[in-house]
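Written below as structure tokens is the structure these notes are about.
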Amino acid sequence: MSASLSPRQDMARLRSALLDWYDREGRTLPWRIRPEDRAAGRVADPYAIWLSEIMLQQTTVPHATPYWFRFLDLWPRVEDLAAAPREDVMREWAGLGYYARARNLHACARHVAETLGGAFPDTLDGLKALPGVGEYTANAVLAAAFNKPASVVDGNVERVITRLHRVQTPLPGAKPEIRRLAAAIASPDRPGDYAQAIMDLGATVCTPRTPDCAACPWAFACAARAEGDMTRYPLKERKKPKPVRLGTAWLVRGEQGLWLRRRPDKGLLGGMVEVPSTPWTEVPPDEAPPFEADWVSRGEVRHVFTHFELRLDVRESAPAPDWQPEDGYWAAENQLDNQALPSVMRKVVKLRR
DNA sequence: AACACGTGGGA
DNA sequence: TTCCCAAGTGT
């Protein structure tokens with residue numbers, strides 16, 4: 001970085017440059033306690049911070065924000081969330097994706113409320129022991145909720161650090177190296193602000209495609225910028241192509257409403273509600289419909305999951321007179337908002353008519 | 001270690 | 001359209 005400064009002085013310079021930038025340019029977010037908030041006497045609520053961190057895992061701020069308000073409105077304290085029926089939590093999480101987060105969220109709330117007296121742990125190990133709280137989230141809560149020394153490494157930090165140091169190892173192999181480099185800069189004096197600052201830097205300045213180096217407090221030290229190719233970093237392994245899976249969904253609409261079913265607790269869309277369908281397989285499904293009828297094709301729903309693309313052939317029929325579903329239940333069609341329907345199933349339901 | 005696990009928005 | 005991406009965790 002600088003020939004005239006020691007590594008320790010370099011780190012201090014980076015720290016203060018980032019914190020100064022954060023004080024001026026850092027984002028105001030609903031769950032965030034900024035320095036001026038603290039000055040005004042506002043204190044962090046670990047429950048609200050934890051909730052935001054779980055929702056923001058692999059999820060954009062605009063997508064997660066309304067959910068955060070809704071959850072706090074319904075369940076202002078961790079005890080309230082703990083006391084909520086699981087179906088309610090799944091229903092409110094519907095559309096946010098990665099539904100294991102919602103299952104772990106509920107389990108975590110119950111654990112904190114029932115075993116820890118409603119208080120979130122304020123140690124790294126204590127936090128990491130909670131369901132759904134891993135290395136990143138434990139550090140983030142430690143910093144943002146308790147202002148304790150921590151080093152957060154998320155996708156933003158990976159990008160900032162690999163550019164700053166021109167890390168030549170591709171992700172995900174570079175993670176240990178990134179962790180070391182990031183921890184060396186993290187501020188012991190203002191850990192909460194620092195953690196949020198470095199993520200803000202990645203989110204608003206050191207962006208994936210078009211970084212705004214002119215606005216960057218670390219431009220003076222950035223190796224990738226010196227090289228003239230910021231977006232080359234982070235290096236990444238090639239992604240595997242997504243296979244296509246096919247299925248047929250059975251949209252059964254009768255006087256009692258729509259035939260729905262709760263999915264098993266584990267696995268894809270675990271604990272969520274679905275329109276019953278054949279298994280989703282790479283070869284065309286050959287499973288018989290639930291009953292003989294003149295099924296009407298309603299078209300195809302395409303939905304991209306993390307590791308495969310789904311094409312659902314949606315067929316509709318009224319229930320046969322002598323048929324009762326072996327599993328699932330009937331849901332009134334004007335009450336579908338009360339169902340924990342994931343986005344893919346909302347697409348299926350909207351197809352009819 | 002590698003894979004399973006959602007969704008919607010932007011280029 | 002297609003591809004990439006966004007505050008990761010659990011197994």
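Residues in the first sequence are numbered from 1 upward in steps of one, following full-length UniProt numbering.
Think of the CB as a built atom: it goes at the ideal place given N, C-alpha and C, for glycine as much as any other residue.
Since the structure is predicted, the reported quantities are computational estimates derived from the model, not experimental observations.
Quiz item: From which residue to which residue does the alpha helix (DSSP H) around valine 296 run?
Solution: The count along the first sequence starts at 1 and reaches residue 296 at position 296. Counting along the chain, valine 296 falls outside any alpha helix (DSSP H), though it belongs to the beta strand (DSSP E) covering 296–304.
Quiz item: Taking DSSP as the reference, what is the three-state secondary structure of tyrosine 98?
Solution: Here residue 98 corresponds to residue number 98 of the first sequence, with the count starting at 1. Here tyrosine 98 sits in coil by DSSP.
Quiz item: Taking C-alpha atoms, which residue in His307, Val252, Val141 and Asp10 lies nearest to glycine 267?
Solution: In the first sequence, counting from the first residue as 1, residue 267 sits at position 267. Answer by Cα proximity: His307.
Quiz prompt | Three-pair Cβ contact test at 8 Å for the region 89–102 versus the region 114–121 | solution = no
Quiz item: Taking DSSP as the reference, what is the three-state secondary structure of threonine 59?
Solution: Position 59 of the first sequence, counted from the start, is the residue given in the question as residue 59. Three-state DSSP puts threonine 59 in coil, outside helix and strand.
Quiz prompt | Cross-strand partners of alanine 40 (DSSP beta bridge) | solution = What you label residue 40 is simply residue 40 of the first sequence in a count that begins at 1. Paired residue(s): none; alanine 40 is not in a bridge.
Quiz item: Can you tell me where the beta strand (DSSP E) with tyrosine 329 in it begins and where it stops?
Solution: Position 329 of the first sequence, counted from the first residue, corresponds to residue 329. Start and end: 329–331.
Quiz item: DSSP on alanine 249, reduced to helix/strand/coil?
Solution: Position 249 of the first sequence, counted from the first residue, corresponds to residue 249. Residue state, collapsed to three classes: strand.
Quiz item: With distances taken from CA atoms, which of Tyr329, Asp10, Leu29 and Pro208 is nearest alanine 197?
Solution: The residue given as residue 197 occupies position 197 in the first sequence. For alanine 197, the nearest C-alpha among the options comes from Leu29.
Exercise. Please list, in chain order, all residues of the same chain as aspartate 20 whose beta carbon is under 8 Å from its beta carbon, the five residues on each side excluded.
Key: As a position in the first sequence, residue 20 is number 20, starting the count at 1. Only Pro217 meet the Cβ criterion.
Quiz item: Could you give the residue range of the beta strand (DSSP E) that holds serine 151?
Solution: Numbered from its first residue, the first sequence carries residue 151 at position 151. Careful: serine 151 lies outside any beta strand (DSSP E) and carries neither H nor E.
Self-check item: 7 Å Cβ shell around glutamine 339 - same chain, five flanking residues per side excluded
Solution: Within the first sequence, the letter at position 339 stands for residue 339. Within its own chain, the residues whose Cβ lies closer than 7 Å to the Cβ of glutamine 339, once the five positions on either side in sequence are excluded, are Arg91, Leu260, Val273 and Ala331, listed in chain order.
Exercise. Report the three-state DSSP secondary structure of alanine 3 (helix, strand or coil).
Key: The residue you call residue 3 lines up with position 3 of the first sequence. With a pLDDT of 48 at alanine 3, under the threshold of 50, the modelled position of that residue is not reliable, and the figure given next carries that caveat. Here alanine 3 sits in coil by DSSP.
Quiz item: Apart from the five residues just before and just after asparagine 147, which ones in its own chain have a Cβ nearer than 7 Å to its Cβ?
Solution: Position 147 of the first sequence, counted from the first residue, corresponds to residue 147. Within the same chain, asparagine 147 has close Cβ partners Pro191 and Gly192.
Practice problem: Please state whether DSSP places threonine 115 in a helix, a strand or coil. | Solution: Taking the first residue of the first sequence as 1, we reach residue 115 at position 115. Here threonine 115 sits in helix by DSSP.
Exercise. Can you give me the start and stop residues for the beta strand (DSSP E) that leucine 260 sits inside?
Key: Within the first sequence, residue 260 is the residue found at index 260, counting from 1. Segment 257–262, the beta strand (DSSP E) holding leucine 260.
Quiz item: Does the beta-carbon distance from cysteine 108 to leucine 130 come in below 7 Å?
Solution: Translated into positions along the first sequence, residue 108 becomes position 108. Translated into positions along the first sequence, residue 130 becomes position 130. With respect to the 7 Å criterion, cysteine 108 and leucine 130 are classified as neighbours on the basis of their beta carbons.
Self-check item: For glutamate 309, three-class secondary structure by DSSP
Solution: For this step, residue 309 is matched to residue 309 along the first sequence. Three-state result, glutamate 309: strand.
Quiz item: What do you reckon, are the CB atoms on tyrosine 67 and leucine 269 nearer than 7 Å?
Solution: For the purposes of this step, residue 67 is identified with residue 67 of the first sequence, where counting begins at 1. For the purposes of this step, residue 269 is identified with residue 269 of the first sequence, where counting begins at 1. No.
Quiz item: Mind checking whether valine 167 and cysteine 206 have CB atoms under 7 Å apart?
Solution: Locating residue 167 in the first sequence gives position 167, where the first residue counts as 1. Locating residue 206 in the first sequence gives position 206, where the first residue counts as 1. Cβ distance not < 7 Å, so valine 167 and cysteine 206 don't count as in contact.
Quiz item: Looking only at its own chain, which residues have a Cβ that is under 8 Å from the Cβ of alanine 3, when we skip the five neighbours before and after it?
Solution: Walking along the first sequence from the start, residue 3 turns up at place 3. Residue placement at alanine 3 is flagged as unreliable, the pLDDT there being 48, under the threshold of 50; the coordinate-derived value follows with that caveat. For alanine 3, where only same-chain residues beyond five positions count, there are no Cβ hits under 8 Å.
Quiz prompt | Distance, arginine 245 Cα to tryptophan 280 Cα | solution = As a first step, residue 280 is located in the first sequence; it is residue number 280 there, counting from the start. As a first step, residue 245 is located in the first sequence; it is residue number 245 there, counting from the start. Tryptophan 280 and arginine 245: Cα-Cα distance of roughly 6 Å.
Quiz item: Near arginine 42, which residues of its chain fall below 7 Å by C-beta distance, leaving aside the five closest residues on each side in sequence?
Solution: Along the first sequence, one-based indexing puts residue 42 at 42. Contacts found: Ile33.
Quiz prompt | DSSP-derived helix/strand/coil call for lysine 347 | solution = Here the question's residue 347 lines up with position 347 in the first sequence. Correct three-state label for lysine 347: helix.
Quiz prompt | Inter-residue spacing [alpha-carbon to alpha-carbon] between alanine 140 and glycine 228 | solution = Counting from 1 along the first sequence, the entry for residue 140 is found at position 140. Counting from 1 along the first sequence, the entry for residue 228 is found at position 228. For alanine 140 and glycine 228, the distance between alpha carbons rounds to 32 Å.
Practice problem: Decide yes or no for the touch test of the region 57–74 against the region 311–329: beta carbon pairs closer than 8 Å, at least 3 of them. | Solution: The answer is no - the region 311–329 does not touch the region 57–74, with fewer than three Cβ pairs under 8 Å.
Exercise. Could you give the DSSP three-state label for threonine 123: helix, strand or coil?
Key: For the purposes of this step, residue 123 is taken as residue 123 along the first sequence, with counting starting at 1. Of the three classes helix, strand and coil, the one that applies to threonine 123 here is coil, per DSSP.
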